[in-house]
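Take a look at the structure set out below.
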Amino acid sequence: MDMDKLVSLCKRRGFLFQSSEIYGGFNGFWDYGPLGVELKRNVKEAWWHDMVSGHDELSQLPGAPSTFDMAGLDCTIIMHPQVWKCSGHYDLFHDFMVDCKESKKRYRFDQLYVVRLEVTPKFSTNPEISKRAEFGEYWTTLAATPDEQKADVYKRAGGKLSIRSKNVDEAFKISDVKKLPDLLKQGVTLADVIGPDVNGAGSLTEPREFNLMFKTIVGALGGDDDAAFLRPETAQGIFVNFKNVIDSSRVKVPVGIAQIGKSFRNEITPRNFTFRSREFEQMEIEFFCKPESSQAWYTYWRNRRYQWYLDLGLPRERLQLREHHAEELSHYSTGTADIEYAFPFLPAGEFGELEGVAHRGDFDLRSHMEGKLNPETRPLQVELGPDGKPKHRGSGKDLSYYDDQAKERFIPHVIEPSAGADRATLAFLCEAYHEDTAPDENGKPQERVVLKLHPRLAPIKAAVLPLVKKDGMPEAAQKIYRALKKQFNAFYDDGGAVGRRYRRQDEIGTPYCITVDGQTLTDGTVTVRDRDSLKQWRIKADDCPAEITKLVKGE
RNA sequence: GCGGGUGUAGCUCAAUGGUAGAGCGGCUGCCUUCCAAGCAGCAUGCGAGGGUUCGAUUCCCUUCACCCGCUCCA
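Sequential numbering from 420 applies to the first sequence in this note's numbering.
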C-alpha cells in the first residue's frame, strides 16, 4: 500500500490534518478532522466498551484465571511533580546526550561504552605514535558499543592508531568494557575519549540534557520551584489513585483500572505520519492482582489484547505478538510483549508497536509508597541520593491491599496493557485502504478506492440516497435518514449520479448505503448496498434503523 | 540533531524574472430509475520572513513543514 495515497485521502476527506497548518504546520502534532474524530472516537469507544463498560465481572471470561472487576478513571494531565520523580520518568526523561563535533552524530551519554586500550607504540606505522616507544606504552580510550566484539574493537583501534591488522593482538591489551559515565567518574576526561566514528580524541561534547517531558509552570508567578510536567503516560495517574478507587468503588483485587487520555513526549524525531507524535492519546489499563497469580494474568491480558485487534479487522499476517527478550526487559519485569503491526511505511518485515503489555511487578505502587525504587536492584530497593536518604521521596501512604476473604495484606502486582489510540487508529486506516475495481454504468470495470473499515469503527454507518432527486424520493429518504440518526451517525446525499455517491461513501468507509427508488414509493422497501461486496438486497424502509444496527454490531 | 530531496488550487501536477494553468475533486442549476468521467456556470493557490531587482512564484539567505538515509525511541 502506498502511504502517500492514504495520507492524501486523510487530508482530502477530513480524517487528519497537520496541526497549525495555516502557519506551516508544527512538527509532531496532528489534528483529526470531522471524519477522523469519528473514527478515533469509535476506536476509543470500542476499547472502553470492550474493556470497561461492557465488562462482565460475574462471569469467568475465556482464558481468565478468575472473575475480575474493571473500573474507569479520568485524571489530570498535570500532576504533582513528585509523581514523575517516583515513577522514574524524571530521571529517565532527562537524558544526557553527547554530540560528536566531527561525525555530527549524537549519542546517549549513558549508552556510550568505552574500552581502555594499552598499546605498544612500536607497532604503529604512524610516527607520532611509534616515536613514543621510549615510554613503552601508549594509553587511550575508545568509544565502543557494548556488543562489539573484541576483534572489531581491535580492528577499529588498529585503523585509528595505524597498526597493521596482523599485529593487533601483540600491539593491544584491552581492558573491560565500561560505560562512559562510569569512566568519567574515575577522572578520565572527555578530551581523551575517541568518538565511535572518528579518529581523533576530543571531538565529543560535554553531556547535555534533553528534556523529553514537556515542562510547564503552575502558578502565574511561577519560578523554577513551580515547574510541573505534562504527563508522558496516563498510567501514573492510575497508580496514584489506586487507593481512591479501591476505597470508593467496592471493586476487589483482581481489578483493572482503565483510562483514556492525552500524553506528551518531546520525541527527538517525530516521523511517519501520526505514528510518533509529541501529543498523543493512550488507552491504558493497570491490572492489579495477587503476586502469585500475576504471571497467569499477564498471559491472559497479552492474548486478550492481541485478539482485540484481530476482531476489529487487523489480519494475523500483519499483526504480531512479540515477547521481549530477557535483555529487553526492565529488571523488575517478568514479562513484556508488544503487539505490533506491519505498518506500510516500515521496511518489509518490520513491525511497529501498537500496544505494550508489561508485567510491572510492584515497582510502581511501591515507588509511590517508599520512594523511587532503583530498577537495577533485586529485590527492589529504594534508590538513595548522595546523602543516604531516598533520592526521590515517596508519598509515605500505604498502598497495600487487604484481602478480606484470604485475610491477608499484600502489595498488588501490576499487569499493564498500554495501547496507543492514535497508532491503533492509524493501523486501522492503513489496513482499511484498498483499491479495487467496480463496474461503471456500462459494466466496464473502474478503479475504486475503498476504506474497508470494520463497521464498528466506520465514521458513518449508513448513507441514505434517493436514487433521483424527484418523485418524492428525497422526502422518503430524509424520513429514513432522521430515523437512522437517532441510532448512529448517518449521512444524507441527494446530489449527482447515485454511482458517484456510492463511491464517495466507499472512500470514507461507510459500510452500508440505503437507496430509495421508485419501488420504495409503492411497497415501502429500500435497497441496502454492502460496501465490500457491492451486493444489494431489499428491506422495509421502517426496518432500516434496526437492520443496520444489527449489521454494524455484527449480530 | 546531521546529510540529501521537496514545498504552486482541496488532491495530482504544469508553466514563468513581468502579477499563474490543466485534470480530478468541490459548489449551483439542468439531465439522470443503481455503481464516479452528460451539459452550463462558479470558487480556490505560489509554505513563511528577509534580501537582490524597476519588478520575485521564479535568483539568494533564513525559517517552517514533509519525504529518504543516519541517530534516537523510557
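Virtual Cβ for every residue (Gly too), placed ideally from N, Cα, C.
Please report the distance separating the alpha-carbon of residue i from that of residue j.
i, j, result
"Arg922", "Tyr931", "12 Å"
"Lys790", "His811", "Reading the sequence as shown, one finds Gly at residue 790 and not Lys. Looking at the two C-alpha atoms, the distance is approximately 5 Å."
"Phe591", "Glu747", "32 Å"
"Pro484", "Arg669", "21 Å"
"Gly433", "Leu848", "13 Å"
"Cys429", "Phe692", "11 Å"
"Pro763", "Val426", "12 Å"
"Ser952", "Gly862", "16 Å"
"Leu511", "Ile834", "21 Å"
"Val945", "Phe683", "48 Å"
"Phe694", "Leu599", "32 Å"
"Lys954", "Glu464", "29 Å"
"Gly768", "Phe699", "26 Å"
"Ile497", "Trp720", "29 Å"
"Asp961", "Val971", "17 Å"
"Val917", "Asp781", "60 Å"
What first and last residue would you give for the alpha helix (DSSP H) that runs through residue i?
i, result
"Thr635", "Careful: Thr635 lies outside any alpha helix (DSSP H), inside the beta strand (DSSP E) at 634-636."
"Ser667", "661-668"
"Phe847", "840-851"
"Ser713", "713-730"
"Gln501", "500-506"
"Asp936", "Here Asp936 belongs to no alpha helix (DSSP H), and DSSP marks it neither H nor E."
"Asp588", "587-590"
Counting only the same chain and skipping the five closest in sequence on each side, list residues whose C-beta sits under 7 Å from that of residue i.
i, result
"Val471", "Met489, Gly491, Ala677"
"Phe554", "Since pLDDT at Phe554 reaches only 47, below the 50 mark, its modelled position is unreliable, and the value read off the structure follows with that caveat. Result list for Phe554: empty, nothing under 7 Å."
"Phe658", "Glu705, Asp783, Leu784, His787"
"Phe633", "Phe648, Leu649, Phe683, Asn685"
"Arg919", "none"
"Val462", "Ala840, Ala843, Thr844, Phe847, Leu876"
Classify residue i as helix, strand or coil using the three-state DSSP reduction.
i, result
"Thr944", "strand"
"Thr832", "Note that residue 832 is His in the sequence shown here, rather than Thr. If DSSP states are grouped into helix, strand and coil, His832 belongs with the strands."
"His474", "coil"
"Val426", "helix"
"Tyr751", "coil"
"Phe554", "Confidence in Phe554 is poor, its pLDDT being 47 and thus under 50, which makes the residue's placement unreliable; the coordinate value appears in the next sentence. DSSP places Phe554 in helix when its eight states are reduced to three."
"Ala916", "coil"
"Lys597", "strand"
"Phe436", "strand"
"Pro540", "helix"
"Ala902", "helix"
"Gly973", "coil"
"Leu458", "helix"
"Ile958", "strand"
"Cys494", "coil"
"Ala965", "helix"
"Leu649", "strand"
"Gln655", "helix"
"Phe512", "helix"
"Leu799", "coil"
I'd like the list of long-range same chain contacts for residue i, defined as Cβ closer than 8 Å, with 5 residues on each side in sequence excluded.
i, result
"Gln865", "Thr856, Ala857, Pro858, Asp859"
"Asn630", "Phe512, His513, Asn685"
"Thr755", "Glu742, His743, Glu747, Leu748, Ser749, Gly775, Val776, Ala777, His778"
Am I right that residue i and residue j are in contact with their C-beta atoms under 8 Å? What's the rounded C-beta distance?
i, j, result
"Asp450", "Phe436", "5 Å"
"Leu903", "Ala909", "4 Å"
"Gly447", "Pro831", "Contact flag wrong, Cβ pair sits at about 35 Å."
"Leu738", "Tyr760", "5 Å"
"Val801", "Pro809", "5 Å"
Report all residues from its chain with a CB closer than 6 Å to the CB of residue i; omit the five preceding and five following residues, and keep chain order.
i, result
"His508", "Pro651"
"Pro893", "Pro885, Asp913"
"Leu872", "Ala851, Gly928"
"Leu602", "Val533"
"Gln501", "none"
"Val935", "Pro885, Met892, Ala895, Ala896, Val945"
"Arg735", "none"
"Asn586", "Phe542"
"Ile679", "Lys463, Met702"
Which stretch, first to last residue, makes up the beta strand (DSSP E) that contains residue i?
i, result
"Glu866", "864-870"
"Cys708", "698-708"
"Gly780", "771-780"
"Val883", "881-885"
"Asp822", "820-822"
"Asp450", "449-451"
"Gln739", "738-742"
"Ala909", "909-911"
"Ser682", "674-683"
Is residue i near the ligand SAH, in the sense that its beta carbon is under 8 Å from a heavy atom of that ligand?
i, result
"Ala896", "Absence of the ligand SAH is noted for the structure shown, with no ligands found whatsoever."
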